[in-house]
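Since the structure comes first, as structure tokens, the remarks are kept for the end.
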Amino acid sequence: MIAVRAMLIGLTVAVAVAFSLPSAAHKAARGAKVRSGTITLNTTAAGFILGIEWGSGTLTLNNGRSYRLRIRTLKAGVIGIESITAHGTVYNLRRPSDINGKYISGGAGITVGGGVGIQILENSKHVIIELKETSQGLAAKIAASGVSIQLR
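For this note's numbering, add 3 to where a residue sits in the sequence shown, where the first one is 1.
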């Protein structure tokens, strides 16, 4: 049990370091974030060691135009099933299609009935998505995720 706990703590630290260093370097290189709009996501996640998450969302730009989204995620280090609703802010879009791409994320959490969390995603076009999540279900995760977001 102690070995498993130590491994989980080590993995959490490794994920945090791995995702914070590139992000800090990108922020220094590109300067300030420019708010482009908001995003709402509704997904379902399930897994045992490896997990998947699927769902949809809406991107609403500052000018009021809305775009439907498709969400797909592959996670490593998750067990259980949960329903997730997330709302947040999108930065650095030059055009709506810049939302398309693969995003990297990492984190840890437990959902027993209900839970909350935050997540920051960034793609290769330097689009940043800051999300606040609420979840329902029964799940535990110490996960690194690859999130795919596409305009429908």
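Glycine residues also receive a C-beta, built at the ideal position from the N, C-alpha and C atoms.
| Asked | Found |
| --- | --- |
| Per DSSP, cross-strand counterpart(s) of A89 | L44 and E136 |
| Distance between beta carbons of G50 and I82, contact taken as under 8 Å | 6 Å |
| At least 3 beta-carbon pairs within less than 8 Å: the stretch 63-75 vs the stretch 131-139 | no |
| Pair within 8 Å by beta-carbon distance, S148 and K105 | no |
| First and last residue of the uninterrupted beta strand (DSSP E) at I107 | G104 to E125 |
| Cα-Cα separation, A157 to S69 | With the chain covering only 4 through 155, there is no way to say anything about residue 157. |
| Of the residues G120, W57, T92 and S100, the one placed nearest K159, counting alpha carbons only | Limits of the chain in this structure are 4 at one end and 155 at the other, which puts residue 159 out of reach. |
| CB contact flag (H96, V130, <8 Å) | According to the sequence as given, residue 96 is Leu; it is not His. Their beta carbons are under 8 Å apart, which means L96 touches V130 by this criterion. |
| Paired residues, beta bridge with G80 - DSSP | None; G80 has no bridge partner. |
| Cβ distance (whole Å) where I74 is taken to contact I152 below 8 Å | 6 Å |
| Option nearest I55 by Cα separation, candidates G80, G40 and R98 | G80 |
| Cβ-based neighbour list, K128, same chain, cut-off 7 Å, excluding 5 preceding and 5 following | D101 and G104 |
| Local Cβ density within 10 Å of I42, reported as buried at 16 or more and exposed below that | buried |
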